[in-house]
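Asks: Just so you know, the protein sequences line up as chains A and B, in that order.
So the mapping is simple: our numbering equals the position in the first sequence, first residue as 1, plus 68.
So the mapping is simple: our numbering equals the position in the second sequence, first residue as 1, plus 14.
Note that CB positions come from ideal geometry on N, CA and C, so glycine has one too.
This structure is a prediction, so every number in the text was calculated from the model and none was measured.
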Amino acid sequence: MAKKGQWVLIHRKVLEPSERAPQVPDDTKEVPLELWVKGFLQEDANIGDEVTILTRTKRIEKGTLLEVNPYYKHDFGKFVPELLQISEQVKEILFGGADNE
Amino acid sequence: MSKDMTYAAVMARRPEIMKKAAGLDFSVFESGSIAFDYERMMKEAGFTIEEIQKIQSEHGVGNTPVIELKNITALARKLAPKGKGARIFIKDEAANASGSFKARRASTAVYQAKKLGYKGVVTATSGNYGAAVASQAAMHGLKCIVVQECYDSKGVGQPEIIEKARKCEALGAEVIQLSVGPELFYTFLTILEETGYFNASLYTPFAIAGIETLGYEIAMQFREKYGRDPDVVLATNAGGGNLTGTARGLKKAGAQSKIVAASVDLTGLHMASDKQFNKKSFTTGHTGFGMPFATWPDRSDVPRSAARPLRYIERYLTVHQGEVFYMTEVLATLEGLEKGPAGNTALTAAFALAQEMDQDQMIVVQETEYTGAGKHIQPQLSFARENGIEIKFGDPKDEVAGQNIILPSHPSLIKVNDADVVGMRKSLIKNALNNYKVIPTEEDIEFLAKETNSDIEFVKNTIESLDN
Numbered sequence: 069m070a071k072k073g074q075w076v077l078i079h080r081k082v083l084e085p086s087e088r089a090p091q092v093p094d095d096t097k098e099v100p101l102e103l104w105v106k107g108f109l110q111e112d113a114n115i116g117d118e119v120t121i122l123t124r125t126k127r128i129e130k131g132t133l134l135e136v137n138p139y140y141k142h143d144f145g146k147f148v149p150e151l152l153q154i155s156e157q158v159k160e161i162l163f164g165g166a167d168n169e
Numbered sequence: 015m016s017k018d019m020t021y022a023a024v025m026a027r028r029p030e031i032m033k034k035a036a037g038l039d040f041s042v043f044e045s046g047s048i049a050f051d052y053e054r055m056m057k058e059a060g061f062t063i064e065e066i067q068k069i070q071s072e073h074g075v076g077n078t079p080v081i082e083l084k085n086i087t088a089l090a091r092k093l094a095p096k097g098k099g100a101r102i103f104i105k106d107e108a109a110n111a112s113g114s115f116k117a118r119r120a121s122t123a124v125y126q127a128k129k130l131g132y133k134g135v136v137t138a139t140s141g142n143y144g145a146a147v148a149s150q151a152a153m154h155g156l157k158c159i160v161v162q163e164c165y166d167s168k169g170v171g172q173p174e175i176i177e178k179a180r181k182c183e184a185l186g187a188e189v190i191q192l193s194v195g196p197e198l199f200y201t202f203l204t205i206l207e208e209t210g211y212f213n214a215s216l217y218t219p220f221a222i223a224g225i226e227t228l229g230y231e232i233a234m235q236f237r238e239k240y241g242r243d244p245d246v247v248l249a250t251n252a253g254g255g256n257l258t259g260t261a262r263g264l265k266k267a268g269a270q271s272k273i274v275a276a277s278v279d280l281t282g283l284h285m286a287s288d289k290q291f292n293k294k295s296f297t298t299g300h301t302g303f304g305m306p307f308a309t310w311p312d313r314s315d316v317p318r319s320a321a322r323p324l325r326y327i328e329r330y331l332t333v334h335q336g337e338v339f340y341m342t343e344v345l346a347t348l349e350g351l352e353k354g355p356a357g358n359t360a361l362t363a364a365f366a367l368a369q370e371m372d373q374d375q376m377i378v379v380q381e382t383e384y385t386g387a388g389k390h391i392q393p394q395l396s397f398a399r400e401n402g403i404e405i406k407f408g409d410p411k412d413e414v415a416g417q418n419i420i421l422p423s424h425p426s427l428i429k430v431n432d433a434d435v436v437g438m439r440k441s442l443i444k445n446a447l448n449n450y451k452v453i454p455t456e457e458d459i460e461f462l463a464k465e466t467n468s469d470i471e472f473v474k475n476t477i478e479s480l481d482n
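(1) With a CB to CB cut of under 6 angstroms and the five nearest residues on each side skipped, what residues in its chain are close to Ala14(B)?
(2) To the nearest angstrom, how far is it from the Cα of Gly255(B) to the Cα of Asp39(B)?
(3) Phe202(B) and Ala138(B): beta carbons closer than 7 angstroms?
(4) Could you tell me the alpha carbon to alpha carbon distance between Glu231(B) and Ile225(B), rounded to whole angstroms?
(5) Would you please verify whether the beta carbon of Glu169(A) is less than 7 angstroms from any beta carbon of chain B?
(6) Suppose you measure from the CA of Glu370(B) to the CA of Val452(B); what does that come to, to the nearest Å?
(7) Say whether chain A places a C-beta atom closer than 7 angstroms to the C-beta of Val414(B).
(8) Met115(A): buried (16+ other C-beta within 10 angstroms of its C-beta) or exposed?
(9) Regarding Ala120(B) and the ligand SAM, is the C-beta to nearest heavy atom distance less than 6 angstroms?
(10) Tell me, please, whether the CB atom of Trp104(A) is closer than 7 angstroms to any CB atom in chain B?
(11) What are the partner residues of His538(B), as DSSP defines its beta bridges?
(12) Alpha carbon to alpha carbon, how far is Ile66(B) from Leu103(A)?
(13) Whole angstroms are fine: how far does the CA of Val278(B) sit from the CA of Val414(B)?
(14) Helix, strand or coil for Val147(B), going by three-state DSSP, please let me know.
(15) Taking only the alpha-carbon atoms, compute the straight-line gap between Ile31(B) and Arg262(B) and give it to the nearest angstrom.
(16) Kindly identify the DSSP beta-bridge partner or partners of Cys158(B).
(17) Could you tell me which residues DSSP pairs with Lys191(B) in its beta bridges?
(18) Could you check if Asp481(B) is buried or exposed, using at least 16 other CB atoms within 10 Å of its CB as the buried criterion?
(19) So which residues on chain A does Gln7(B) lean against when the C-beta distance must stay under 8 angstroms?
(20) For Val136(A), does the three-state DSSP call read helix, strand or coil?
(21) Three or more C-beta pairs closer than 8 angstroms, one from the stretch 97-104 of chain B and one from the stretch 371-379 of chain B: is that the case here?
(22) Apart from the five residues on each side of it in sequence, which residues of its chain come closer than 6 angstroms, Cβ to Cβ, to Lys71(A)?
(23) Do you know how far the Cα of Leu77(A) is from the Cα of Leu427(B)?
(24) Considering just the uninterrupted stretch of the alpha helix (DSSP H) at Ile161(A), what are its terminal residues?
(25) What are the residues that DSSP puts in a beta bridge with Ile121(A)?
(26) Exposed or buried, what is Gly299(B) when buried is set at 16 or more other beta-carbons lying within 10 Å of its beta-carbon?
(27) Exposed or buried, what is Arg313(B) when buried is set at 16 or more other beta-carbons lying within 10 Å of its beta-carbon?
(28) Would you please verify whether the beta carbon of Phe108(A) is less than 7 angstroms from any beta carbon of chain C?
(29) What does the alpha-carbon distance come out to for the pair Thr347(B) and Leu395(B)?
(30) Hey, Ile154(A) and Glu343(B): beta-carbon distance below 7 angstroms or not?
(31) Express the C-alpha separation of Asp117(A) and Thr123(A) in angstroms, rounding to a whole number.
(32) Tell me which residue opens and which closes the beta strand (DSSP E) that Leu345(B) is part of.
(33) Please compile the residues from chain A whose C-beta is within a distance smaller than 7 angstroms of the C-beta of Thr347(B).
(34) Is the shortest distance between the beta-carbon of Arg80(A) and the beta-carbons of chain B less than 7 angstroms?
(35) Does any residue of chain B bring its CB to less than 7 angstroms from the CB of Tyr140(A)?
(36) Can you tell me whether Met305(B) is buried or exposed, with buried defined as 16 or more other CB within 10 angstroms of its CB?
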């Protein structure tokens, strides 16, 4: 149960596939235009409920409750060994060779 | 009665919404035909260099250092013909508040919003400009909303854009994230209409004037330290504002430096495609924005864009994604400067271009951008790999955007390709005629000559060839 006043993430559809702009490519036309926004929950609710929030600019938004206390999950990704190879290569070209042994 | 919020109805209200949110009546600069008075718009709606310098120095913007990239220059000289290998410099724009040159653009836009009495600012951007507007809005005590295109229909977001959202939120802004599609503009209009906030567009004269100090500083810094202007100023090009503002600032300083644009080649990827959205590894600085905005600037979110890059571009170079990732690693490992990849597009072009130029010549790459989780070569390559993009060493000329990223197997394989600038000039003229559907007046022809950095004869010949 999420409590009134908690910081939450909601989601709603802005445009159904049938309402999309005429110039949109075909693959994009098959899916709705969706929106995600965060704010303070205006009533106690469960995940998946239709809720109202008050955003940072004090706007009212309505949508489906997705997360309570949403946090960032982006990071530095998995190791990319090629980057180390580039580093080794250019150092060798510039500073390597017999003079540097 | 509540307003009609359908796509068509909101788009039809676009002129009135934009006028209210722009703080500027663009109609006074119009001729009624293709031409409009660009210079008068920049003069009356923009700011003088002195005014901008004052605004920026009071808000953590400008006077960024110029750093000579001695090791990268040395590497280029190892690969260049004898006597070739120009000195390469970089202007460390990541040192601005908010971490990119976009702080310059936001400083004047948000200053204007405050001066005109708006309570808040709204901007539509997935790029560094969002953080820039959020940062300046925080300083001025204004509310800020950033509207981003962020996710595909599976809810998968570009790590780079998610990081930019984080930064905007850290600076106190409200971030509205959308799935792929040009109807972002529809949502943007509904927010402007609802809030009555200022449209902190990337393309107003206020925003572009804010970048003029970048070019002006380059001229002043080079004269003071090296006794003359740089031979070439290389700007990463997307919407055209960076290049336009920098070029105008250089001209205001009386500099004769050659203005060269650089973009990542994303030919073949559709920018509004849901399925292709996460197949690209650059969200800006690429040809998907660079070409359409250069050949038709008024596709932007203001009636007349102040970013008109073809007025200034003398040469337009494209590079591949793999080459930019490579040079971003080189910048870190040889120069000790860890920066975001998109800003290094021009650096990559500079590395190849320097090898065509004499050793006593100087190239300045006019920006860097901040880096961090998501917005860094490591997560961006990792994300590409997870999305089925093949990453391998080879010859970058074999790269196919959306299928693979080819890291050069040797730095000598980093090359620039010349985009067809003459063809782009012709496209602009064609687009102008198609959009206005008028018989061009003498004024229009003079205007198009300026728009394309060409002459009246070129414009007339182009129009004639279109008629046939």
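Replies: A quick look at the data gives this:
(1) Because chain B is modelled from 15 through 482, residue 14(B) falls outside the range shown and cannot be assessed.
(2) 20 angstroms
(3) yes
(4) 10 angstroms
(5) With a pLDDT of only 49 at Glu169(A), under the threshold of 50, the placement of this residue in the model should not be trusted, and no figure is reported.
(6) 44 angstroms
(7) no
(8) Note that residue 115(A) is Ile in the sequence shown here, rather than Met. So Ile115(A) ends up on the exposed side.
(9) The ligand content of the structure shown is nil, which means the ligand SAM is not present either.
(10) yes
(11) Residue numbering for chain B in the displayed model covers 15 to 482; residue 538(B) lies beyond these limits and cannot be assessed.
(12) 36 angstroms
(13) 12 angstroms
(14) helix
(15) 30 angstroms
(16) Val135(B)
(17) According to the sequence as given, residue 191(B) is Gln; it is not Lys. The partner list for Gln191(B) (beta bridge, DSSP) reads Trp104(A), Gln162(B).
(18) exposed
(19) The shown model of chain B, from 15 to 482, leaves out residue 7(B), and the question about it has no answer.
(20) strand
(21) yes
(22) Asp112
(23) 46 angstroms
(24) 149-163
(25) Leu109(A), Glu129(A)
(26) buried
(27) exposed
(28) The chain inventory of the structure shown lacks chain C, comprising the protein chains A and B.
(29) 17 angstroms
(30) yes
(31) 18 angstroms
(32) Not the beta strand (DSSP E): Leu345(B) falls in the alpha helix (DSSP H), residues 335-349.
(33) Ser155, Val158, Lys159
(34) no
(35) yes
(36) buried
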